[in-house]
Amino acid sequence: MSSGGTERPQLVAHVQQALSYTLFDCKWVPRSARLLCLGSAARGTGLLQLYELRGGRLALLREIEKAKPIKCGTFGATSLQQRYLATGDFGGNLNIWNLEAPEIPVYSVKGHKEIINSIDGVGGLGIGEGAPEIVTGSRDGTVKVWDPRQKDTPVANMEPVQGESKRDCWTVAFGNAYNQEERVVCAGYDNGDIKLFDLKTMSLRWETNIKNGVCSVEFDRKDVNMNKLVATSLEGKFHVFDMRTQHPTKGFASVSEKAQKSTIWQVRHLPQNRDIFMTSGGAGSLHLWKYEYPAQRSKKDSEGAEMGVAGSVSLLQNVTLSTQPISSLDWSPDKKGLCVCGAFDQTVRVLIVTKLNKV
Amino acid sequence: MPVWLREYSWRQTGSAVYLSLPLRGVRVTPANIFCTDQYLKVSIPPFLFEAILYAPIDDTNSTAKIGNGIIFFTLYKKEVAMWDSLTLANANKEKLQYLRENAVLKAHEKAKEETEAKKVTKQEHKKYALEATMKLEEAERKRIEDLKEKERERVTKELELWKKQQKDAEKQKRVQKEGELHQEVEQLKEKKKEKMNKTRIPNEGTSKTRLKPTKGCHGFYSMFSENVKEEQLPAPRSAATIKINFTSRVFPTALRESRIAEEEEWLRKQAEARRTVSADLSELEDLKEEEKNPDWLKDKGNKMFATGNYLAAVNAYNLAVRLNNKLPLLYLNRAACHLKLRNLHKAIEDSSKALELLTPPVPDNENARVKAYVRRGTAFCQLELYTEGLQDYEAALKIDPKNKSIEKDAEKIRHLIQGTTQDS
């Protein structure tokens, strides 16, 4: 029950819309009250639906059908004027669509041999600097970075060594994009590996294994010096890594929390406050968390090397909306507290989180 | 026979009768006193006092006070009257009996009624309590619902307000943009006019090129800004590949902590099944670790067979069989070696043993079984036991009917058999 003190943020269910297809991803269209639902229709084709928030309901503006089911999408790599959507589909194709003219994609490449599980974009939307880039992670075990200005070949390719048996890559995220050269890609795999690739030096910067398949990774801000990384996994656990201090052998300090018994499908940081994030769970629940920094963020270990200190995480609020997993979650970058989530019960829900100013 | 108590004294007023009954040396409890509206009895075995009252009394309000060796009754009359005597004078035995029974019955009924009444009141009280708590909870729930509703309304209003603001902001921006563009175009026109006024010829070219981009207000504005932006964007990264290694995992499924124990168990069992069956041979201590592994020995044997060193291959297989005599492939391969070495009987033995171990006959060990039959068949033929050889070839054909070479060989053997039978 979301009761308790009147000072805690409340998760208010604003609108609920039942859909007639499986919903895989939902995203807010930047600078608007419109949202996009991506999924797969029963007949095995992909669907893109554009909704607008009107009064207390969602009005369908456009419906676009494509050949393959769409798994994920991002607006991260386009400019604010263009607002092109980059999608990854079940066939391993990366497409960038102009939603005003969606018949032919602006950019298209068959990037992977198998389904693209996760996509992220950086360099667009007037945030940060540097080239616009899109990263995709796929079941074929590779992570590829694409530049929309370069056709057919990826700008960076993270693939397993020859002869190594591949593991599914479940999630990717950009980070550390604070100037034109620096950029980092974090990838999570189904065998619990988390790998951090530095794109400036084209090398593996850090890797670790969190003992459970990694469902979702996200940096708290893509466009600053990397500060925190949250990685969620199966078995209801998530880890918050302090990314400011990297120890030569121990890597990054982390704190982990077990939120619930089921898989944590997604984590999303609030765009307006990078210490608040929401996790969505396999039991249809949403948890709102706040991270508190420790008194000292780094300390020296016995050999004098700098070591990070992880802080603590506290639960602000939780609510159970559905009996099916909530697989996708997105905060609106324009209105603080407005978020959309999509669940496997074929419903998309718009929620408003109140009292975030007082947290 | 009870002892009747006859010593009693009584007095009366208009509405009540006071009776005192002395009882020496006995303990009286309220259970010993029995009273109905016209019958009073005190029974303390062996003593007995009974009285059939002159007129009915109000037995619910009447009292009995038990004191030291005496009971003091205060009986309230139903009708206000003066009684001639305490008891009814003419009371014959039958009447007495009847009255007694009646009294008892009445008492019973009364008791029943009382318990019923109690039950009913108890129920009512419970119900009332339940309803009261339900109401309280309902009120609490409503209060919380109201709070939530209020929040929701407030938040919806805020949202609508924000949307309106957005729309207004967009409109304003658009208006502003158009205003700015208008201004710019005006400025250009003015500049052009100025330049035209100054010198016409050299500037015509430039003014034309200046005006070309103004196809539409939007086009000009966005191209301008995009030019500026493209200068700022860095070129696409030079392509590179990073090779990675994964933390090894035997199972194709995702890693879950709760399943680690099960998975380890399974792996351990698999490993044990492949390990040595009879591992207490003393000569084995001299061998290196890998030489004790039947799989490794099998590979070694295969390699030596491939290079043509059949004796060494047989040795390897022998050792492997000593370690684990349940692997059919070892016998199969050893049979092939024996064939090459023309140890035909041994070849037959080994193929037979392999076939034994390859029960149950499933699609997985088809290949192995075909090979076993073929080898045994060959061995039989070379020993000139053609009928047995043919049997084995036909068995092999049954498993793998598409194999041409087996067919050919089977045909050959048939001819041979027919040839010999014809001759003899």
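Listed in order, the protein sequences are those of chains A and B.
The UniProt record's numbering numbers the first residue of the first sequence as 1 and each following residue consecutively.
The UniProt record's numbering numbers the first residue of the second sequence as 1 and each following residue consecutively.
Idealized CB from N, CA, C, for every residue including glycine.
Against residue i, what residues of chain B qualify as contacts under a CB-to-CB distance less than 8 Å, listed in chain order?
| i | result |
| --- | --- |
| A/His14 | Arg152, Val155, Thr156 and Leu159 |
| A/Gln10 | Lys148 and Glu151 |
| A/Ala305 | Chain B residues near A/Ala305: none, gap ~24 Å exceeds 8 Å. |
| A/Lys335 | Leu159 and Trp162 |
| A/Pro154 | Ala239 |
Which first and last residues belong to the alpha helix (DSSP H) in which residue i is found?
| i | result |
| --- | --- |
| B/Gln391 | Tyr386 to Ile399 |
| B/Lys78 | That residue, B/Lys78, is in no alpha helix (DSSP H); it is neither H nor E in DSSP. |
| B/Tyr18 | Premise fails: B/Tyr18 lies in the beta strand (DSSP E), Ala16 to Pro22, not in any alpha helix (DSSP H). |
| B/Leu297 | Pro294 to Thr307 |
| B/Asn367 | Glu366 to Gln382 |
Applying a beta-carbon distance threshold of less than 9 Å, which residues of chain B neighbour residue i?
| i | result |
| --- | --- |
| A/Phe197 | Ile242 and Ile244 |
| A/Glu159 | Thr241, Ile242, Lys243 and Ile244 |
| A/Ser328 | Going along chain B, no residue has its Cβ under 9 Å from A/Ser328, so there is no contact; the nearest lies around 19 Å. |
| A/Ser203 | Ile242 |
| A/Gln17 | Result: empty, since nearest Cβ-Cβ is about 16 Å, beyond 9 Å. |
| A/Gly56 | Thr156 |
| A/Ile276 | Going along chain B, no residue has its Cβ under 9 Å from A/Ile276, so there is no contact; the nearest lies around 17 Å. |
Name the chain A residues whose beta carbon is nearer than 7 Å to that of residue i?
| i | result |
| --- | --- |
| B/Pro234 | Gly130, Ala131 and Gln180 |
| B/Glu257 | Lys211, Asn212 and Glu235 |
| B/Gln172 | Simply none; closest approach about 14 Å. |
| B/Gln165 | Neighbours of B/Gln165 on chain A: none; closest Cβ ~10 Å, over 7 Å. |
Since residue i is in the beta strand (DSSP E), which residue starts that stretch and which ends it?
| i | result |
| --- | --- |
| A/Leu53 | Gly46 to Arg54 |
| B/Lys326 | Where B/Lys326 is concerned, there is no enclosing beta strand (DSSP E), given that its DSSP letter is neither H nor E. |
| B/Ser352 | Unbroken run through B/Ser352 is the alpha helix (DSSP H), Leu344 to Leu357; no beta strand (DSSP E). |
| A/Gln317 | Ser312 to Thr320 |
| A/Glu306 | Glu306 to Gly308 |
| A/Asp275 | Asn273 to Gly281 |
| A/Thr323 | Premise fails: A/Thr323 is in no beta strand (DSSP E) and is neither H nor E. |
| B/Ala235 | Unbroken run through B/Ala235: none, as it is neither H nor E. |
| A/Phe238 | Lys237 to His247 |
| A/Val353 | Thr347 to Val353 |
| A/Ser298 | Ser298 to Lys300 |
| A/Val267 | Ile264 to Leu270 |
| A/Thr87 | Leu85 to Asp89 |
| A/Ile127 | Premise fails: A/Ile127 is in no beta strand (DSSP E) and is neither H nor E. |
| A/Asn93 | Asn93 to Trp97 |
| A/Glu292 | Ser285 to Glu292 |
If the cut is a Cβ gap below 8 Å, which residues of chain A does residue i touch?
| i | result |
| --- | --- |
| B/Thr421 | Here the premise fails: no neighbours, minimum Cβ distance about 58 Å. |
What residues of chain B sit near residue i, judged by a beta carbon separation below 7 Å?
| i | result |
| --- | --- |
| A/Asp147 | Pro236 and Arg237 |
| residue 389 of chain A | Residue 389 of chain A lies beyond the stretch modelled for chain A, which goes from 1 to 359, so this question has no answer here. |
| A/Glu164 | Asn245 and Phe246 |
| A/Gln266 | Going along chain B, no residue has its Cβ under 7 Å from A/Gln266, so there is no contact; the nearest lies around 16 Å. |
| A/Gln150 | Pro236 |
In chain A, which residues lie with their C-beta within 9 Å of the C-beta of residue i?
| i | result |
| --- | --- |
| B/Thr247 | Arg167, Tyr189, Asn191, Gly192, Asp193, Glu207 and Asn209 |
Requested in this report: Using a Cβ-Cβ cut-off of less than 9 Å, list which residues of the stretch 142–163 of chain B approach chain A; keep chain order.
Outcome: Ile144, Leu147, Lys148, Glu151, Arg152, Arg154, Val155, Thr156, Glu158, Leu159, Glu160, Trp162 and Lys163
Query - Unbroken stretches of the beta strand (DSSP E), 3 residues or longer, contained in the stretch 139–195 of chain A - result: 143–146, 156–160, 169–175 and 184–189
Query raised in the report: Should the stretch 19–37 of chain A be called in touch with the stretch 288–308 of chain A, which here means at least 3 C-beta pairs below 8 Å?
Result: no
Query raised in the report: Does the stretch 168–181 of chain A come within contact of the stretch 149–157 of chain A, defined as at least 3 CB pairs closer than 8 Å?
Result: no
Report task. Say whether the stretch 402–418 of chain B touches the stretch 359–368 of chain B, bearing in mind that this needs 3 or more beta-carbon pairs closer than 8 Å, one atom from each stretch. Result -> no
Query - Touch test, the stretch 1–12 of chain B against the stretch 343–357 of chain A, Cβ-Cβ under 8 Å, three pairs minimum - result: no
**Report entry** Every unbroken beta strand (DSSP E) within the stretch 11–79 of chain A, with a cutoff of 3 residues, ordered by chain
**Finding:** 11–18, 22–28, 34–40, 46–54, 57–66 and 70–74
Report task. Report yes or no: do three or more beta-carbon pairs, one from the stretch 370–386 of chain B and one from the stretch 336–346 of chain B, lie closer than 8 Å? Result -> yes
Query raised in the report: Quick one: complete beta strand (DSSP E) runs, 3+ long, within the stretch 195–234 of chain A?
Result: 203–209, 214–219 and 228–233
Requested in this report: Spell out a yes or no on whether the stretch 45–55 of chain A and the stretch 104–119 of chain A are touching, meaning 3 or more CB-CB pairs, one atom from each, closer than 8 Å.
Outcome: no
Query raised in the report: Taking contact to mean at least 3 C-beta pairs separated by less than 8 Å, is the stretch 14–28 of chain B in contact with the stretch 40–51 of chain B?
Result: yes
Query raised in the report: If you pair each beta-carbon of the stretch 300–312 of chain B with each one of the stretch 329–338 of chain B, do three or more pairs fall below 8 Å?
Result: yes
Query raised in the report: Which ranges would you report for the beta strand (DSSP E) in the stretch 27–83 of chain B if only whole runs of at least 3 residues count?
Result: 33–35, 39–44, 47–52, 63–67 and 70–76
Query raised in the report: Are the stretch 237–245 of chain A and the stretch 209–221 of chain A touching, with three or more C-beta to C-beta distances below 8 Å?
Result: yes
Query raised in the report: Do the stretch 252–261 of chain A and the stretch 156–166 of chain A make contact, defined as three or more Cβ pairs closer than 8 Å?
Result: no
Query - Residues in the stretch 380–401 of chain B having any Cβ partner in chain A nearer than 9 Å - result: none
Report task. Indicate whether the contact test is met: 3 or more Cβ pairs, each with one atom in the stretch 189–205 of chain A and one in the stretch 93–100 of chain A, closer than 8 Å. Result -> no
Query - Contact the stretch 263–278 of chain A vs the stretch 317–331 of chain A: 3+ CB pairs below 8 Å - result: yes
**Report entry** Residues, ordered as in the chain, of the stretch 287–317 of chain B that lie near chain A by beta-carbon distance below 8 Å
**Finding:** none
Requested in this report: Count the C-beta pairs between the stretch 127–139 of chain A and the stretch 101–116 of chain A that are closer than 8 Å, then say yes if the count reaches three, no if not.
Outcome: yes
**Report entry** Near-chain B residues of the stretch 27–39 of chain A (beta-carbon distance less than 9 Å), N- to C-terminal order
**Finding:** Arg31, Ser32 and Ala33
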